[in-house]
Every structure is written in C-alpha cells, then in structure tokens.
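Same order as they appear, the protein sequences are chains A and B.
In terms of the working numbering, the first sequence opens at residue 189 and continues consecutively.
In terms of the working numbering, the second sequence opens at residue 6 and continues consecutively.
Below is one structure, written out as structure tokens; the observations come after it.
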Amino acid sequence: MTSLDRFIDEINRLTPIPAVTQQLLAVADKPDSSMADIARIMQYDPVITAEVLKTCNSAYYGIKHPAESVKDAVNMLGIDKVVELALAHSGASALSGTHEGYGLEQGEMWKYSIASAVVAKDVAARLGLKNKNTLFTSALIKDIGKIILHKYVLSAREKIDRMVNEKAFSFLEAEKTVFGIHHAELGAMIAKMWHFSPRMIKIIRHHHLADEAMVKDKEVAAVYLADSICMMMGIGVGSDGLAYRFKKQAMENLKITATDVSLIIAEFGMNMAEVEALLKMR
Amino acid sequence: MKQIIGVADMKVSDNVQDTIVTYSLGSCIGLVIYDPAARVGGLLHFMLPESKIDREKAARKPYMFADTGIPRLFRAAYELGAKKQRIKIFVAGGAEILDQKGFFNIGKRNYMALKKIFMKNRVLIDKEQVGGNVNRTVRMDIQTGDIFVKTSGSGEVKV
C-alpha cells in the first residue's frame with residue numbers, strides 16, 4: 189500500500205460532514221434564496237435542526253420566546269444567522285477531540301476552527317465578498333487534513349521540529365518534505381472525496397498560500413488572512429504555533445492594511461461571547 | 006484556586022491559594038506583575054498595541070489594548086497593597102508568523118507599545134520570553150510568585 193492509498197483508506201473511514209451542509213451552501217449564497225429554501229433543506233436533518241434551536245435559545249442570543257421551529261429561529265435571528273449556526277454545527281463532530289501530533293488538547297482544534305470561521309465572515313464582509321457562507325464554512329473546515337495527519341506528525345515530531353527550528357522550514361514545508369503531502373493538500377483530498385464544491389476544495393488546498401500564484405484569488409486570500417489573524421490571536425493554536433509563512437502580497441492584493449488587521453482583531457475581541465456560543469455546538 | 010484570565014482580560018489577586026493563568030498568547034502579550042512583600046500578583050492578556058484605532062471598543066474592553074490595559078493592571082495591584090518599587094515584571098508572548106515583518110507584525114508592535122509605556126513610567130522588565138513563532142501559556146502562583154511558561158507541544162517550565 190502506498191502512502192497515498194493509506195491516506196485514502198483513512199479518509200474512507202472518517203465520518204463525513206453531514207450532506208445537509210452542501211445542500212445548504214448550494215442555496216445559501218444565492219441572493220434570491222428564501223427562508224422556505226433553507227427550512228426545506230434543514231427539515232430533513234433533525235439533529236442539525238435541534239442543535240440550531242438549542243443554540244438559538246441559549247443565553248447568548250437572549251430571545252424572549254424559545255424558537256420551536258426553523259421558521260421561528262429565522263424570524264428571531266434572521267436567515268444569515270440560522271444558516272451560520274447550521275454550517276457551524278456541520279464541522280463539530282469531525283473537528284472535536286484531541287490531536288496529539290499538533291499538541292492540541294480536547295476541543296482546541298474546534299475552537300481554532302470556529303474562530304477562523306467567525307473572522308473569515310468579518311473579512312468577507314469588509315471586502316464585500318459575495319460567498320460569505322462558503323468562506324465561513326471553508327475557514328471552519330480548512331484544517332480537516334490535520335485530523336488524519338496528526339498521528340503521522342506525532343511519530344515524526346522530532347524530525348519536523350528540527351526542520352522548523354534549525355533549518356528554517358515552515359511547518360507546512362516540513363510536513364510536505366516528510367510525508368509528501370501537507371495538511372492543506374490532505375484536507376483538499378478529504379473535501380474532494382466528500383464531494384465539496386471545487387471552490388471549497390481550492391480554498392482548503394491553498395489556505396496557507398504555499399502556491400504563490402494563489403495570492404491573487406480573493407477568496408483564498410481572505411481565508412488565508414482569517415487563518416493568519418487566528419494564529420496571531422493564539423486561540424486554539426497547537427505546537428505548530430505560528431510557524432507558517434506570512435504573505436504580504438496577499439494583504440496588498442486584498443487592499444488590507446495593518447490597521448484593518450488590528451480592527452479585525454479588535455472586532456473579534458468584542459465577539460468572544462459569540463464564539464463561546466458556537467463552541468457549545470455538538 | 007485557579008483564576009483564568011481570558012483574551013483581553015485582567016485579574017489581580019492577593020489570595021495565596023490562587024494560581025493565575027492565561028492560555029495561548031500568540032502575538033498577544035501576557036504581562037505578569039508581582040510584589041513579593043505584599044504577595045500581590047496580577048496578569049493582563051492584551052491583544053493590540055493602541056486603543057486609538059477604536060476608542061469605543063477600548064471603553065468597553067480596556068484590557069484589549071496595551072495603553073488602556075497596562076495602567077489598569079498596575080492600579081488594581083496598588084489597590085491590593087502592591088508598591089511600584091517592589092513590583093517584579095515578566096512579559097511573555099508577542100510571537101510572530103514567519104516572514105511577518107514591518108507594520109503587519111502585531112506581536113512586535115504589542116511588545117514595543119509595552120516597552121514605550123514602561124520607559125515613560127521608568128519601569129523595568131525583570132524577565133521575558135517574547136517573539137519567535139511559538140504559542141505560550143503563562144501561569145503564576147500568588148504565594149511564591151513563581152512563574153511557569155508552557156509552549157504548546159512541550160511541558161511547563163519554571164521561569
């Protein structure tokens with residue numbers, strides 16, 4: 189069995205992200221999508237509906253009368269928020285747990301993923317990007333490759349650390365050298381096998397901008413920026429730390445200044461309660 | 006008791022049973038102060054150098070910024086009996102992404118903002134673990150003033 193076959197075998201054994209996620213994404217980013225469209229999709233997934241209602245009724249949103257249906261939830265929180273809750277839920281089971289190779293304790297990767305998604309949403313709004321739900325979900329699941337690669341990283345930890353600490357490799361470059369594939373590429377493989385849209389596969393694959401040509405793609409660069417900001421904020425960051433490359437060119441292409449970065453960080457600082465509410469999803 | 010200091014947050018304590026901790030600093034700064042005579046300690050976890058980028062947010066969350074958070078940390082410690090001339094200072098965090106130079110380097114700017122405030126107020130740092138590409142967690146025992154730093158992936162080490 190080649191190492192690629194072994195990865196494919198492992199992907200086949202993962203529990204995929206619920207199908208409802210992709211159906212939701214297919215309509216949510218369309219400007220003419222209605223509440224009826226969203227409700228119709230969600231009604232076939234009772235688990236997602238229950239989780240959305242539970243979060244919607246949590247103290248954070250402070251609504252007076254508990255929502256009893258998707259329709260109630262949309263009336264109270266708006267269609268965007270309900271879609272966001274449903275999308276956030278989609279990553280919860282896959283990204284929870286511990287990931288020892290990256291030094292991530294219980295729930296830390298999930299925390300990082302939620303933080304990335306919340307920041308990506310803010311970045312998308314600031315840049316006026318249309319596919320905000322796709323960007324939110326792409327940012328949420330961009331590190332999905334780590335859920336397989338972490339075991340391999342664990343067994344090669346000393347070697348990777350030497351490469352990063354003594355030979356000026358980024359963590360991603362070290363993964364690629366040691367395993368022939370890095371976590372972003374492996375994540376894209378998973379997304380492909382789970383039939384995610386080509387756009388999301390591309391964003392996941394290039395979220396560290398290892399391929400310089402991708403800095404021009406605004407959606408890729410937006411998720412890259414969200415990821416960089418989350419690394420700076422440290423929330424749920426593992427033993428790979430901040431050992432990834434910063435691409436100033438991506439900021440310039442997005443016309444993002446250092447002040448913008450500070451403002452996005454400040455906005456996140458104000459929204460910690462929202463992140464905590466999303467983290468309670470299962 | 007373990008007192009956890011969140012992001013953009015601060016706590017001081019004179020309870021010798023307390024241990025104060027802040028997780029995952031990244032480019033943020035964890036500023037730890039301790040007066041060994043009064044056994045008063047405090048920890049501030051700030052995210053950004055200057056509050057002038059958004060005064061309204063700074064009014065609601067002053068611990069988010071160096072310039073609004075640092076004076077409040079010291080004042081809170083003085084209120085518990087700490088004295089400026091006895092206070093020991095430890096600084097951690099301010100990490101950076103690889104190749105993150107210039108104005109985009111929030112970690113370095115956070116550290117410079119802190120140094121500027123300390124210089125103006127004639128305060129010296131005793132020890133520090135800043136910069137690099139690592140994520141740090143900092144803990145202090147109020148009874149002894151002992152400080153421990155954990156970088157993710159390795160164990161906790163006494164400063």
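Glycine included, C-beta positions come from ideal geometry on N, C-alpha and C.
What you are looking at is a predicted structure, and each value in this text was computed from that prediction instead of being measured.
Query                                                                                                                          : Result
Beta-carbon spacing of His277 of chain A, Lys334 of chain A below 8 Å                                                          : no
Chain A within 8 Å of Val139 of chain B, Cβ atoms only                                                                         : yes
Backbone CA spacing between Phe51 of chain B and Val21 of chain B [nearest angstrom]                                           : 24 Å
Sequence-distant residues of its chain with Cβ nearer than 6 Å to Leu413 of chain A (five each side left out)                  : Val311
According to DSSP, residues forming a beta bridge with Leu49 of chain B                                                        : B:Met15, B:Leu36
Below-8 Å beta-carbon distance, Lys66 of chain B vs any chain A residue                                                        : yes
Listed by chain order, chain B residues near Ser358 of chain A by CB distance under 8 Å                                        : Leu103
Whole-number beta carbon distance between Ile75 of chain B and Leu36 of chain B, since they are thought to touch under 8 Å     : 7 Å
C-alpha distance - Ile378 of chain A paired with Asp399 of chain A, whole-angstrom precision                                   : 19 Å
Unbroken beta strand (DSSP E) run spanning Val96 of chain B, endpoints                                                         : 93 to 98
Top-ranked residue by Cα proximity to Ser32 of chain B, from A:His370, A:Ile417, A:Glu440, A:Ile444                            : A:Ile417
Residues sharing a beta bridge with Phe70 of chain B, DSSP                                                                     : B:Leu53
Environment of Asn319 of chain A [buried if 16+ CB atoms lie within 10 Å]                                                      : buried
Status (buried if at least 16 other CB within 10 Å, exposed otherwise) for Gly2 of chain B                                     : Outside the displayed range of chain B (6 to 164) lies residue 2 of chain B, so it cannot be described from this structure.
The ligand MG heavy atom lying under 7 Å from the CB of Tyr116 of chain B                                                      : This structure does not include the ligand MG; it has no bound ligands of any sort.
Helix, strand or coil at Thr471 of chain A according to DSSP, with G and I counted as helix                                    : What the structure shows of chain A is the stretch from 189 to 470, and residue 471 of chain A is not part of that stretch, so it cannot be assessed.
Straight-line Cα distance separating Val366 of chain A from Tyr340 of chain A                                                  : 10 Å
Pair within 8 Å by beta-carbon distance, Val411 of chain A and Ile302 of chain A                                               : no
Runs of alpha helix (DSSP H) lying entirely within the segment 299 to 379 of chain A, each at least 4 residues, in chain order : 320 to 329, 334 to 343, 345 to 355, 359 to 367
In chain order, each beta strand (DSSP E) run of at least 3 residues that lies wholly inside the segment 411 to 435 of chain A : none
Proximity below 8 Å, CB of Ala261 of chain A to CB of Val240 of chain A                                                        : yes
Beta strand (DSSP E) segments (min. 3 residues) lying fully within the segment 82 to 136 of chain B                            : 93 to 98, 132 to 135
Of the listed residues B:Met6, B:Gly47, B:Lys62, nearest to Gly457 of chain A (C-alpha basis)                                  : B:Lys62
Cα-Cα separation, Ile122 of chain B to Ile444 of chain A                                                                       : 28 Å
Burial state of Val162 of chain B, where buried means 16 or more other Cβ atoms lie within 10 Å                                : exposed
Glu61 of chain B: first and last residue of the uninterrupted alpha helix (DSSP H) it sits in                                  : 60 to 65
Thr209 of chain A - DSSP class collapsed to helix/strand/coil                                                                  : helix
Other residues of its chain near Ser284 of chain A: CB distance less than 7 Å, five sequence neighbours each side excluded     : Gly295, Trp298
Phe108 of chain B: contacting residues in chain A (beta-carbon distance under 7 Å)                                             : Ala446
Chain B residues whose Cβ lies nearer than 9 Å to that of Leu430 of chain A                                                    : Gly31, Ser32, Ala100, Glu101, Ile102, Leu103, Gln105, Gly112, Gly137, Asn138, Val139, Asn140
Sheet register partners of Glu3 of chain B (DSSP bridge)                                                                       : Examination of residue 3 of chain B is not possible in this model, given that chain B is present from 6 through 164 alone.
CB contact check: Asp40 of chain B to chain A, cutoff 8 Å                                                                      : no
Interface residues of the segment 281 to 315 of chain A facing chain B [CB-CB below 7 Å]                                       : Gly291
Straight-line gap, Ala438 of chain A to Ala305 of chain A (C-alpha atoms, nearest Å)                                           : 19 Å
Endpoints, the alpha helix (DSSP H) within which Lys404 of chain A is located                                                  : Taken as a continuous stretch (DSSP letters only), Lys404 of chain A belongs to no alpha helix (DSSP H), as it is neither H nor E.
Contacts that Leu466 of chain A makes with chain B (C-beta to C-beta distance below 7 Å)                                       : Ordered by position in chain B, no residue passes the 7 Å Cβ test against Leu466 of chain A, which lies about 15 Å from the chain.
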